[in-house]
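Trainee:
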Amino acid sequence: ATDLASGNGRTERMMYWLNVIVEYPAGISNFSSTSSWRYMWAHNFWIDYTKIGGLFSGLCMLLFSFRNLIMTAKVVLNRRINKSLRTVILSFSLAFLLALFVEPTMQGAPQMMLSYFMYCGIVKGIYVYEKNLVYLPRQDFPEFLKTLVPLRKFAFLN
Numbered sequence: 014a015t016d017l018a019s020g021n022g023r024t025e026r027m028m029y030w031l032n033v034i035v036e037y038p039a040g041i042s043n044f045s046s047t048s049s050w051r052y053m054w055a056h057n058f059w060i061d062y063t064k065i066g067g068l069f070s071g072l073c074m075l076l077f078s079f080r081n082l083i084m085t086a087k088v089v090l091n092r093r094i095n096k097s098l099r100t101v102i103l104s105f106s107l108a109f110l111l112a113l114f115v116e117p118t119m120q121g122a123p124q125m126m127l128s129y130f131m132y133c134g135i136v137k138g139i140y141v142y143e144k145n146l147v148y149l150p151r152q153d154f155p156e157f158l159k160t161l162v163p164l165r166k167f168a169f170l171n
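And the structure:
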């Protein structure tokens, strides 16, 4: 029961690597000198990233992830975006966050980490595209243009 409560030893690994990060804030590259094979990975993307790159790069990655989470929330809460697209974005966001919290993605599954970065780019692209659209009231359009809402922002509309 205690093994299940600790996430199969994952919380022990996370605490071990947090202590190592405090001891070596510039990061480490030689895992065998600091740990046994059981503690090779922290099973957390941000802790694994920090243990290799150091405290500064870990904080930068944490800020990057937090910023992407805010953009994702803005996209998901934007009612002008198709509901199906918002649902897919929310589903992928939850899937990536859950996987990154429990898997050693840097050494064990780098394709998951690269997919996360690609996903972040897609969300940012949707966010920026939606932010640059101009939504004019439908009654201001001639009848044949009512299907063109939203219109792309042009220089003469500024």
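Just so you know, we're using this note's numbering here: the sequence shown kicks off at 14 and counts up by one.
Cβ coordinates follow ideal geometry from the N, Cα and C atoms, glycine included.
Being a predicted model, the structure only gives us computed values, none of them experimental.
(1) Judging by CA-CA distance, which residue of Glu25, Asn91, Thr85 and Ala122 is the nearest neighbour of Ser104?
(2) Can you name the start and end residues of the alpha helix (DSSP H) that Pro123 belongs to?
(3) Under 8 Å by Cβ, that's how I've got Leu82 and Trp59 pegged, so tell me the actual separation to the nearest angstrom.
(4) Looking at the structure shown, is Thr24 part of a helix, part of a strand, or coil, going by DSSP?
(5) Quick check on the DSSP output: the alpha helix (DSSP H) that includes Ala112 runs from which residue to which?
(6) On the criterion of 16 or more Cβ atoms from any shown chain inside 10 Å, does Arg26 qualify as buried, or is it exposed?
(7) By a C-beta neighbour count over all protein chains shown, 10 Å radius and 16 as the cutoff for buried, is Lys64 buried or exposed?
(8) Indicate whether Arg99 and Val89 have their beta-carbon atoms separated by less than 8 Å.
(9) Please list, in chain order, all residues of the same chain as Phe130 whose beta carbon is under 7 Å from its beta carbon, the five residues on each side excluded.
(10) From Leu127 to Met119, what distance separates their C-alpha atoms?
(11) Please report the distance separating the alpha-carbon of Met28 from that of Arg93.
(12) Distance check for Gly66 and Ala108, CA to CA, integer angstroms please.
Mentor: Well, looking at it:
(1) Position 91 of the sequence shown, counted from the start, is the residue given in the question as residue 104. Considering only alpha carbons, the answer is Thr85.
(2) In the sequence shown, residue 123 corresponds to position 110, counting from 1. Boundaries of the alpha helix (DSSP H) around Pro123: Pro123 to Lys144.
(3) On the sequence shown, residue 82 is found 69 positions in, with the first residue counted as 1. On the sequence shown, residue 59 is found 46 positions in, with the first residue counted as 1. Not really, about 12 Å apart at Cβ, beyond 8 Å.
(4) Within the sequence shown, numbered from 1, the residue matching residue 24 stands at position 11. Here Thr24 carries a helix assignment [DSSP, helix/strand/coil].
(5) Residue 112 sits at position 99 when you count from the first residue of the sequence shown. Bounds of the alpha helix (DSSP H) holding Ala112 are Lys96 to Val115.
(6) Against the sequence shown, residue 26 aligns to sequence position 13. Buried is the call here.
(7) Counting from 1 along the sequence shown, the entry for residue 64 is found at position 51. Buried, since its Cβ has 16 or more Cβ neighbours within 10 Å.
(8) Translated into positions along the sequence shown, residue 99 becomes position 86. Translated into positions along the sequence shown, residue 89 becomes position 76. The answer is yes: Cβ separation under 8 Å.
(9) Position 117 of the sequence shown, counting from 1, holds the residue named residue 130. So the list is empty, once near-sequence residues are dropped.
(10) Taking the first residue of the sequence shown as 1, we reach residue 127 at position 114. Taking the first residue of the sequence shown as 1, we reach residue 119 at position 106. Spanning the two alpha carbons is a distance of roughly 9 Å.
(11) Numbered from its first residue, the sequence shown carries residue 28 at position 15. Numbered from its first residue, the sequence shown carries residue 93 at position 80. Roughly 43 Å between the two C-alpha positions.
(12) Locating residue 108 in the sequence shown gives position 95, where the first residue counts as 1. Locating residue 66 in the sequence shown gives position 53, where the first residue counts as 1. Cα-Cα distance, rounded: 25 Å.
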